[in-house]
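K.L.:
Structure incoming, see below.
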Amino acid sequence: MTARLFPDDPRFGSAAEALFVEEVREQLPDDVVLICNLRFSDGREDREADLIVAWPGVGVAVVEVKGGSVSLDRGEWRQRQEGVDRVIHPVDQAVACKYLLCDYLAKHSRWSGGRPRTAHLVAAPATTLPADFVAPGLARWMALDVTDVPHAAARIRAALEKVRDEPDPPTTEDVEELVDCLAGTAIPQQHLLAELAEREAACDLLTRDQAKVLDLLGEYSRVEIRGGAGSGKTWLAVEKARRLAAEGQRVALMCYSRGLAEFLKRRVEKLPKRQRPAYVGTFHYLGIDWGVPAGSDDDSRYWEEFLPAEMVKLAGALPEEQRFDAIVIDEGQDFAQSWWDAVVAALRDPERGCIYVFSDEGQRIFARQGRPTVDLMPISLNENLRNTKQIAGTFSSLAPQQMRIRGSSGVPVRFVQCSPDEAVDAADGVAEELLDEGWPPEALALLTTHRRHPVQVERQAEGQDAYWATYWDNDDLFYGHVLGFKGLERPAVVLAVNGFRDEARAREMLYVGLSRARDLLVVCGDLDLIRRVGGEAVARRLTAGTGEKT
């Protein structure tokens, strides 16, 4: 195992710096965090720490990294790199960043560890220092040269252990708290609405970057775009349907979930009329629109067998103008094998008609299994754009493929230890606290993993249309189940892990539940249950800084 990087994909000032950090990372255990290129400012000075090594039980090292050829002559440090020679001040930089870090933590409302043991070092990974090297403020044991790189981690540890008159080193919990403090502080409540709007705008800008994928695929008519939670698949599905409609094609934009279908309808209503798909809704309601008799929600044979078979029969008799040039499907992993014949039959040209499918195999949480029966070119999205780094990091181990986390830093994920039977009551208490803190009701969702919340049961008794209308209701938070919330999100989600009907599908359900929050995630549940179905990595991220033992 290697140390964890923060941010996940840091940008380095030079190749030497990047290589040095990678070398150190591979030498360190996985409970160490390497914080790269962190900028500090106290109003008087603005400094950037090249590398901060937060090592549980050892200390916090601030390392100034200087690539190229580094020399010291008569008290003057010089660096020659890429043909440029300049005066540098590496010791001053390292010392300043060390004290700025300590001052920042001392003033931070979330930091409770006191001043940690700290040391400053200078690394010149391409330079050989003489054995008798000494400089003001930098003994030889505080400097790393090319000969030290292969065992740099041991040198950093030795330096931290040699520092005199320093406090105790940080604990594992202190390191996680330190990362959260450096990642971002709690949102000031007086600015909460503005912050949420700004975050949403930033997410939308990142997601729009994904449009380049559609640009590259413009000449391909049959594609499956696969991506993990937060990769912007739903935005891309709407955008692809819009582009096809704008070209004059008759387009169907469909999915399985009623909630997602309603979301898609509302998104499409904002488009100019000539850019709107001809049909937006669930796969099933398309068949009902064609004349298939409606069935009962709990009759799986109707949905899995009767309805798709009837759709195939009716499609053959449909007038040309009622068929589609293109079909776009979101959350395609929810489609049963038996549905694909009906999808193809709805096309004007079943052999060459356009089909775009957006899917995430990690969110296959329904018992049915199915894959498209037509050949689709697979394309993978490997970036998470819509969750904060803290939230994405919590569920990243559950994703079907490793994701690059591009979202901004946010507040720590919160965890409330309770039994599955207590989870809903605990979630209710958390939701009330968030409302009292100033979170607007329309920004909140309370989701369950097993039995539905009593409020959800009550609202669904009034009919599915009335229930899903509450998703856009600003008077109260939304109550839902992870099964029905796929493809949707909220700025803040309280997840009640109140058990699972089938633990064979629990990992996928947990993945969906954890990934529905964009800015704030609070999980209420039993740590042992979560560890059993989700793994040790999820349990460790949930309890970081809470004091719970993993």
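Oh and the sequence shown: position 345 is 1558 in the working numbering, straight run, nothing missing. The C-beta atom is built at its ideal place from N, Cα and C for all residues, glycine as well.
What's the C-alpha gap between valine 1392 and leucine 1659?
P.N.:
Going by the C-alpha atoms only, they are around 27 Å apart.
K.L.:
Could you tell me which uninterrupted beta strand (DSSP E) segments, each at least 3 residues in length, are contained entirely in the stretch 1481-1530, listed from first to last along the chain?
P.N.:
Fully enclosed beta strand (DSSP E) runs of 3 or longer: 1492-1495.
K.L.:
By Cβ distance below 7 Å, which residues in the same chain neighbour aspartate 1588 in space, the five residues on each side in sequence not counted?
P.N.:
Closer than 7 Å at Cβ, skipping near neighbours: Arg1435.
K.L.:
Below 8 Å on the Cβ atoms is my guess for arginine 1619 versus asparagine 1597; work out the distance and round it to an integer in Å.
P.N.:
Arginine 1619 to asparagine 1597, Cβ: 6 Å. Contact.
K.L.:
Tell me whether the beta-carbon of tryptophan 1448 lies closer than 8 Å to the beta-carbon of glutamine 1423.
P.N.:
Their beta carbons are under 8 Å apart, which means tryptophan 1448 touches glutamine 1423 by this criterion.
K.L.:
Can you find a CB in chain C that lies within less than 8 Å of the CB of isoleucine 1604?
P.N.:
Absent from the structure: chain C. Only one protein chain is present.
K.L.:
Could you tell me if glycine 1288 is buried or exposed, where buried requires 16 or more neighbouring beta carbons within 10 angstroms of its beta carbon?
P.N.:
The residue is exposed, with fewer than 16 neighbouring Cβ atoms inside 10 Å.
K.L.:
Taking its Cβ as the centre, do 16 or more other Cβ atoms sit within 10 Å of leucine 1373, making it buried, or is it exposed?
P.N.:
Answer is buried; the Cβ neighbour count reaches 16.
K.L.:
Short of 7 Å in beta carbon distance, which residues of its chain neighbour alanine 1366, apart from the five on each side in sequence? Order them along the chain.
P.N.:
The residues are Val1237, Gln1240, Leu1241.
K.L.:
For my contact list, threonine 1508 and leucine 1520 are in at a C-beta cut-off of 8 Å; report their separation, rounded to the angstrom.
P.N.:
The displayed chain sequence assigns glycine, not threonine, to residue 1508. About 7 Å separates the two Cβ atoms, so the contact holds.
K.L.:
For phenylalanine 1219, report the span of its beta strand (DSSP E) as first-last.
P.N.:
Here the beta strand (DSSP E) through phenylalanine 1219 covers 1217-1219.
K.L.:
Pull up the CB-CB distance for arginine 1330 and glutamate 1379, whole angstroms please, since I reckon it's below 8 Å.
P.N.:
Contact flag correct, Cβ pair sits at about 4 Å.
K.L.:
Between which two residues does the beta strand (DSSP E) containing glutamate 1432 stretch?
P.N.:
Looking at the DSSP string, glutamate 1432 is not in any beta strand (DSSP E), and its letter there is neither H nor E.
K.L.:
Buried or exposed: histidine 1174, going by 16 or more other Cβ atoms within 10 Å of its Cβ?
P.N.:
No answer is possible for residue 1174: it lies beyond the span of the chain, which begins at 1214 and ends at 1763.
K.L.:
Beta-carbon separation of aspartate 1538 and leucine 1477 under 8 Å?
P.N.:
No, the Cβ-Cβ distance between aspartate 1538 and leucine 1477 is not below 8 Å.
K.L.:
For the beta strand (DSSP E) that aspartate 1772 lies in, which residues bound it at each end?
P.N.:
Lying outside 1214 to 1763, the shown extent of the chain, residue 1772 is not represented and no answer is given.
K.L.:
Could you name the residues that DSSP lists as bridge partners for threonine 1360?
P.N.:
Paired residues: none, contrary to the question.
K.L.:
With distances taken between CB atoms, is the gap from tryptophan 1576 to lysine 1699 smaller than 8 Å?
P.N.:
Reading off the sequence, residue 1576 comes out as glutamine, not tryptophan. Going by C-beta atoms, glutamine 1576 is nearer than 8 Å to lysine 1699.
K.L.:
Excluding sequence positions up to five away, which residues of its chain have a Cβ less than 6 Å from the Cβ of valine 1493?
P.N.:
Correct list, in chain order: Leu1466, Leu1477, Lys1478, Val1481.
K.L.:
Alpha carbon to alpha carbon, how far is tyrosine 1692 from leucine 1647? Give it in angstroms, no decimals.
P.N.:
Rounded to the nearest angstrom, the two C-alpha atoms are 15 Å apart.
K.L.:
Around the Cβ of threonine 1586, are there at least 16 other Cβ atoms within 10 angstroms (buried) or fewer (exposed)?
P.N.:
It counts as exposed.
K.L.:
Once DSSP output is grouped into helix, strand and coil, what is the label at glycine 1775?
P.N.:
For the chain, the structure presents residues 1214 to 1763; residue 1775 sits outside this window and is missing.
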